[in-house]
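Visitor: A single structure is presented below for examination.
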Amino acid sequence: MKQCYKRPSFDFYDTVAMECWLSDLAQQGLILEGTSLAWFRFAKGVPSDIRYRVEPTISENKQPSDEMISTYKEAGWDFVVGLNGLFFIWKSIRADTMELHTDLIVQSESYRRLCKKLTHAALGTSLCVLGIFAIIIGGFLVSDRPVTLFLASPLYLFLAVSELFVVAQVVQQARSALRIKKMLADGFSLSHQKDYRKQYRSYKIISGLSLLFSMAIHWI
Amino acid sequence: MGNKRIEVVSESMFYTLMAFLHGECSGAETASMVERLTKGRVRLGPATLYTILGRFEEEQVIKETRTEGRKRFYRLTDKGIKMYHDELERLKQCITDATVWEDENNETVLQKAIF
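Listed in order, the protein sequences are those of chains L and Y. Just add 27 to wherever you are in the first sequence, counting from 1, and you've got the working numbering. Just add 7 to wherever you are in the second sequence, counting from 1, and you've got the working numbering.
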């Protein structure tokens, strides 16, 4: 069977967008099989109606236990793949399958570990970037060169913009997960349907621009 | 990982605690017992079930006792028993408050109807 590789062009931690993207691809005949590095591997088959659920993991286990897989299967959900020990992806081909979650408070709890990890990552990255800036600016101050030279150098400018872009991304990821957790705790269920293409149009543009910017700096 | 206490005992959590009061059970047995206890009103989705079991185990509300093939069996700890009784007490208090409030309202409605 032919295979193809794709990767989402939106926030990786937006679980609802991921579910919709995978279902849309299944309708085009691309059925998720697994992952290879940062890419999703799809088998080319017949267009199918498949529901996907991207569930945050609740422990450090990279794979669900055999007991979990069999209980989920009895409820109509098949295990597809685990993502970086942060998510398990499940799929169902039956329209009448019971939802994976039947309690919003408990579902909110399932995001606890993910939120904590992403918040730590956002704080750690921000501190690292601050540290890098402090070292660079400190270097200018010590050498008695004007700090404004920092902005005149394409290399430093590229470093500054790309570092800030990374910080913005990790903060956005943590905010996405925290927003979902809070929404569930407040009693609002996930719709599992989302116009992710429209929502992430700007995300694509920003990613494209940052790539162009990197290339431009490289040429300079 | 640092623990944050379970702040809210949801309906599913409460019935899971209730299912474990009978003694040791596995995840699947817990789900079917909750469905039987509530005559099908409360059903635990598989992710709800395993999130509850994971959180309860992490908070030492339940403890794994043995494994049998794929199945893992758990029982309530003293902390779990206390959690169940505390929640039961809270729910009983809610019922008492609601009953008193309803009776008072009924009296007021009756008085208004008389006068």
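For every residue, glycine included, the Cβ atom is placed at its ideal position computed from N, Cα and C.
Please say whether L/Gly109 and L/Pro83 have beta carbons closer to each other than 9 Å?
Guide: In this structure, L/Gly109 does not lie closer than 9 Å to L/Pro83 by Cβ.
Visitor: Under 9 Å between beta-carbons, which chain Y residues line up against L/Met107? List them in chain order, please.
Guide: One detail in the question is off: residue 107 of chain L reads as Val in this sequence, not Met. Chain Y residues near L/Val107: none, gap ~14 Å exceeds 9 Å.
Visitor: Along the chain, which unbroken stretches of the alpha helix (DSSP H) at least 4 residues long are found entirely within the region 18-77 of chain Y?
Guide: List check, alpha helix (DSSP H) in window: 18-28, 34-44, 53-65.
Visitor: Of the choices L/Thr152, L/Leu176, L/Lys29, L/Arg140, whose alpha-carbon is the least far from that of L/Gly112?
Guide: With distances taken between Cα atoms, L/Gly112 lies closest to L/Arg140.
Visitor: By alpha-carbon positions, which one of L/Phe69, L/Tyr99, L/Arg78, L/Tyr79 ends up nearest to Y/Thr58?
Guide: Minimum Cα distance to Y/Thr58 is reached at L/Tyr99.
Visitor: Would you please verify whether the beta carbon of L/Val43 is less than 9 Å from any beta carbon of chain Y?
Guide: For L/Val43, the answer is no, since every Cβ of chain Y falls outside 9 Å of its Cβ.
Visitor: In this structure, how does DSSP classify L/Thr84 when only helix, strand and coil are distinguished?
Guide: The answer is coil: DSSP assigns L/Thr84 none of H, G, I, E or B.
Visitor: Roughly how many angstroms separate the alpha carbons of Y/Lys78 and L/Ser189, rounded to a whole number?
Guide: Each residue's Cα considered, the two are about 49 Å apart.
Visitor: For L/Tyr32, is the classification buried or exposed, using 16 other Cβ atoms within 10 angstroms of its Cβ as the cut-off for buried?
Guide: Exposed: under 16 other Cβ atoms inside 10 Å.
Visitor: In terms of alpha-carbon separation, which member of L/Ala204, L/Ser75, L/Asp41, L/Leu239 lies closest to L/Ala122?
Guide: Measuring from the Cα of L/Ala122, the nearest candidate turns out to be L/Ser75.
Visitor: Below 8 Å on C-beta distance, what does Y/Lys78 contact in chain L?
Guide: In chain order: Glu94.
Visitor: Would you be able to state if there are at least three C-beta pairs under 8 Å between the region 56-64 of chain L and the region 38-45 of chain L?
Guide: No, the region 38-45 of chain L does not touch the region 56-64 of chain L.
Visitor: Please list, in chain order, the chain L residues whose beta carbon lies closer than 9 Å to that of Y/Ile59.
Guide: Neighbours of Y/Ile59 on chain L, chain order: Asp130, Val133, Glu136.
Visitor: Does the region 46-65 of chain Y come into contact with the region 119-133 of chain L, if we say contact requires no fewer than three beta-carbon pairs (one atom in each stretch) closer than 8 Å?
Guide: Contact between the region 46-65 of chain Y and the region 119-133 of chain L is present, because at least three Cβ pairs lie under 8 Å.
Visitor: Report yes or no: is there a C-beta of chain Y within less than 9 Å of the C-beta of L/Trp266?
Guide: The displayed coordinates of chain L run from 28 to 247. Any statement about residue 266 of chain L would go beyond what the structure contains.
Visitor: Is L/Asp51 near the ligand ATP, in the sense that its beta carbon is under 8 Å from a heavy atom of that ligand?
Guide: Ligands are entirely absent from the displayed structure, and the ligand ATP is therefore not among its contents.
Visitor: So Y/Val15 contacts chain L; which residues on that side make the cut at Cβ distance below 7 Å?
Guide: Near Y/Val15 (Cβ distances below 7 Å), the residues of chain L are Ile132.
Visitor: For L/Leu211, which residues of its own chain have a beta-carbon under 8 Å away from its beta-carbon, when the five flanking residues on both sides are left out?
Guide: Around L/Leu211: Leu131, Ile132, Gln134, Ser135, Tyr138, Leu217.
Visitor: Let me confirm a value: L/Val73 is counted as buried when at least 16 other C-beta atoms fall within 10 Å, else exposed. Which label applies?
Guide: Exposed.
Visitor: To test your reading of the DSSP string, which unbroken beta strand (DSSP E) runs of 3 or more residues are found completely within the region 38-85 of chain L?
Guide: With a minimum length of 3 residues, the continuous beta strand (DSSP E) runs that stay inside the region 38-85 of chain L are 57-63, 66-71, 78-83.
Visitor: Between L/Ile164 and L/Phe177, which are expected to be in contact by the criterion C-beta below 8 Å, what is the C-beta distance as a whole number of angstroms?
Guide: Right, the Cβ-Cβ distance comes to about 7 Å (below 8 Å), so this counts as a contact.
Visitor: Any beta carbon of chain Y sitting closer than 9 Å to that of L/Trp66?
Guide: Closer than 9 Å: no.
Visitor: Does the beta carbon of L/Arg34 sit closer than 9 Å to a beta carbon anywhere in chain Y?
Guide: Not one chain Y Cβ lies under 9 Å of L/Arg34.
Visitor: Name, please, each residue of chain L whose Cβ falls closer than 8 Å to the Cβ of Y/Arg43.
Guide: The premise fails here: Y/Arg43 is roughly 16 Å from chain L at the closest Cβ pair, so nothing lies under 8 Å.
Visitor: Does any residue of chain Y bring its CB to less than 9 Å from the CB of L/Glu60?
Guide: By this cut-off, L/Glu60 is not an interface position.
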